[in-house]
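Report on the structure given below.
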Amino acid sequence: DAKTTQPNSMESNEEEPVHLPCNHSTISGTDYIHWYRQLPSQGPEYVIHGLTSNVNNRMASLAIAEDRKSSTLILHRATLRDAAVYYCILSAVYNFNKFYFGSGTKLNVKP
Amino acid sequence: DAGVIQSPRHEVTEMGQEVTLRCKPISGHNSLFWYRQTMMRGLELLIYFNNNVPIDDSGMPEDRFSAKMPNASFSTLKIQPSEPRDSAVYFCASSTRYRGGRNTEAFFGQGTRLTVV
């Protein structure tokens, strides 16, 4: 499975937008891009996923580069509850939820 | 729905003892995953079931680990004998895989924190 590269940590101010980058230069044409986050002492939870086009949902937006070698998760207004480890994961379409997690980005939100 | 339910939430056992972790997936989901999380190795996929059948167990560390899914609403992960290096948080996740390729997202349980002393 293709690997992803994320910064170890990022910091944001409350109520400001946050852009979390992810590089996946070895992505294949049928790989989906998933984002999950893990709040302290909880299991990972789904944030968003996409294939080629940008995606929006109630939690976040996903911007996918035209060559698909990178993507950015956008939290439009960070809250304290958004402090978590964010994982960018690739999976093949035939193993849609079979994930190999990396180390993720630990997001700290300052009040 | 109550989500993915794992039990127990915490387990402390002595080295050499058998440990059984339990998972109840979300009703209607047909895919189930077991993951293990440690500080050193992060989140690791152990095994993946689809329609109660193990599809990929390549992540199972060794023969001391075994997983079963006797029906669509229950799965177990057993460690026998347990060792201190098995100490970790074990997560179960479920999702639905539809014919034609569409899938729901994965829903994770709260995890079981296992400590082997």
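Protein chains in written order, with the working numbering: chain A, 133 to 243; chain B, 44 to 160. The beta-carbon is built from N, C-alpha and C at its ideal position, and this holds for glycine as well. Treat the numbers as computed from the prediction; the structure is a model and nothing was measured.
How many angstroms separate the CA atom of residue i from the CA atom of residue j?
i        : j        : result
A:Tyr219 : A:Pro176 : 9 angstroms
A:Leu171 : B:Gln123 : 31 angstroms
A:Ala192 : B:Tyr91  : 28 angstroms
B:Thr147 : B:Val96  : 19 angstroms
B:Asn93  : B:Pro113 : 12 angstroms
A:Pro243 : B:Gly154 : 29 angstroms
B:Ile48  : B:Ser70  : 11 angstroms
A:Met142 : A:Ala216 : 10 angstroms
B:Ala115 : B:Leu64  : 16 angstroms
A:Leu207 : B:Arg140 : 28 angstroms
B:Phe151 : A:Glu198 : 31 angstroms
A:Ala224 : A:Thr237 : 22 angstroms
B:Ile98  : B:Leu89  : 11 angstroms
A:Leu152 : A:Leu239 : 9 angstroms
A:Val187 : B:Val132 : 32 angstroms
B:Leu157 : B:Cys66  : 14 angstroms
A:Thr158 : A:Leu222 : 10 angstroms
B:Gln60  : B:Cys135 : 22 angstroms
A:Gln174 : A:Ile196 : 28 angstroms
A:Ser203 : A:Thr136 : 10 angstroms
Which term fits residue i, buried or exposed, when burial requires 16 or more other beta carbons within 10 angstroms of its beta carbon?
i        : result
A:Lys230 : buried
A:Ala210 : buried
A:Leu205 : buried
A:Gln138 : buried
B:Ile137 : The amino acid occupying residue 137 of chain B in the given sequence is Ser; Ile does not appear at that position. Buried, because 16 or more other Cβ atoms sit within 10 Å of the Cβ of B:Ser137.
B:Pro68  : buried
B:Tyr78  : buried
A:Leu212 : exposed
A:Tyr226 : exposed
B:Ser125 : buried
A:Asp214 : buried
B:Asp129 : buried
A:Thr162 : exposed
Can you tell me where the beta strand (DSSP E) holding residue i begins and where it ends?
i        : result
B:Met112 : 108–114
A:Leu212 : Premise fails: A:Leu212 is in no beta strand (DSSP E) and is neither H nor E.
B:Arg136 : First, the residue type needs correcting, since residue 136 of chain B is Ala and not Arg in the sequence shown. First-last of the beta strand (DSSP E) with B:Ala136: 131–138.
B:Ile98  : 96–99
B:Leu86  : 85–93
A:Asp163 : 163–170
B:Val55  : 53–56
B:Thr210 : With chain B covering only 44 through 160, there is no way to say anything about residue 210 of chain B.
A:Lys135 : Unbroken run through A:Lys135: none, as it is neither H nor E.
B:Tyr78  : 74–81
B:Ile48  : 48–50
Bridge partners for residue i per DSSP, in chain order?
i        : result
B:Val160 : BP columns for B:Val160 are empty, so no partner.
A:Pro153 : A:Thr204
B:Phe34  : Within the shown structure, residues of chain B are numbered from 44 to 160, placing residue 34 of chain B beyond reach of any answer.
A:Lys238 : A:Ser141, A:Val217
A:Ala192 : According to DSSP, A:Ala192 bridges with nothing at all.
A:Leu222 : A:Ile165
A:Leu183 : Per DSSP, none; premise fails for A:Leu183.
B:Phe117 : B:Asn114
A:Tyr178 : A:Tyr168
Quick check: does the Cβ of residue i come within less than 7 angstroms of any heavy atom belonging to the ligand ADP?
i        : result
A:Arg169 : The ligand content of the structure shown is nil, which means the ligand ADP is not present either.
- Query: Does the stretch 48–64 of chain B come close enough to the stretch 97–105 of chain B that 3 or more CB-CB pairs lie under 8 angstroms?
  - Reply: no
- Would the stretch 144–161 of chain A and the stretch 113–128 of chain B be scored as touching if the rule is three or more Cβ pairs under 8 angstroms? no
- Message: I want to know whether the stretch 154–168 of chain A touches the stretch 179–196 of chain A - three or more CB-CB distances under 8 angstroms.
- Response: yes
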